[in-house]
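Engineer: I am attaching a structure below and will ask some questions about it afterwards.
Residue numbers (the numbering used here): 21 to 220.
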């Protein structure tokens, strides 16, 4: 796919190289899997394939940065200081989105928001937000109980796939006794509980 130049000054190959320099080979393979899945979902559901590609390639751009760098940015840039009580799993989306803006010059708000929300989701999600959120969960390299069902759902009903992923992510966090970021609860209440109530 050739980029149009509307959303990034990088050509696709250049953006891939830029991203690859900031992560392990294993992480980069995951990123390519998310891109492949996101572009396919964008084609299916009528979103911009170019935006899906750019958001997917950059969604984990900050994933392997040191914690100290995140902590410094949270303190410096006016983030809610409560964020310091969480870790990389939350930071690399929320704070990583601003690194993508600043370091890669990608300013398109829809792309940045999809990066911001790709781990926590939100009650209000655009089509692109949902595509990146789901693609990150079901890309071909993923292998865990339930991923096959998630993949099948994503091809039939994207909203159902969002609900499925949210529920199973929350169950996993609870089993691991992990601290749960409030936005993840908000996502669950809207996409899992809210949707269930609407169908009664």
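Glycine residues also receive a C-beta, built at the ideal position from the N, C-alpha and C atoms.
Keep in mind the model is a prediction, meaning the values are calculated, not measured.
Looking only at C-alpha atoms, which of 79, 116, 135 sits nearest to residue 97?
Structural biologist: Looking at the Cα atoms, 116 is the closest of the given residues.
Engineer: Output the boundary residues of the alpha helix (DSSP H) element that contains residue 92.
Structural biologist: Residues 87 to 96.
Engineer: Candidates 209, 157, 78, 104: which alpha carbon is nearest residue 90's?
Structural biologist: Among 209, 157, 78, 104, the Cα nearest to that of residue 90 belongs to 104.
Engineer: Would residue 228 pass as a contact of residue 185 if the rule is Cβ separation under 8 Å?
Structural biologist: In the structure as shown, the chain begins at 21 and stops at 220. Residue 228 is therefore absent and cannot be evaluated.
Engineer: Out of curiosity, what's the CA-to-CA distance linking residue 23 and residue 162?
Structural biologist: Looking at the two C-alpha atoms, the distance is approximately 27 Å.
Engineer: Under 7 Å Cβ to Cβ from residue 206, same chain only, skipping five residues before and after it: list those, please.
Structural biologist: Closer than 7 Å at Cβ, skipping near neighbours: 142, 143.
Engineer: Within the continuous alpha helix (DSSP H) that includes residue 123, where are the two ends?
Structural biologist: Taken as a continuous stretch (DSSP letters only), the alpha helix (DSSP H) holding residue 123 covers 116 to 124.
Engineer: Are the CB atoms of residue 42 and residue 84 nearer to each other than 8 Å?
Structural biologist: The answer is yes: Cβ separation under 8 Å.
Engineer: Report, in whole angstroms, the separation of the C-beta atoms of residue 174 and residue 52, which I expect to be a contact under 8 Å.
Structural biologist: Their Cβ separation, rounded to whole angstroms, is 18 Å, which puts residue 174 and residue 52 out of contact at 8 Å.
Engineer: Taking the beta carbon of residue 114 as the centre, do at least 16 other beta carbons fall within 10 Å, making it buried, or is it exposed?
Structural biologist: Looking at its Cβ environment, which holds 16 or more other Cβ atoms inside 10 Å, residue 114 is buried.
Engineer: Do you know whose CA, among 192, 154, 190, lies nearest residue 177's CA?
Structural biologist: The candidate whose alpha carbon is nearest that of residue 177 is 154.
Engineer: Along the chain, where does the alpha helix (DSSP H) containing residue 36 start, and where does it finish?
Structural biologist: Looking at the DSSP string, the run of the alpha helix (DSSP H) that includes residue 36 is 32 to 40.
Engineer: Can you list, in chain order, the residues of its chain whose CB lies under 6 Å from that of residue 128, leaving out five sequence neighbours each side?
Structural biologist: So the qualifying residues of the chain are 27.
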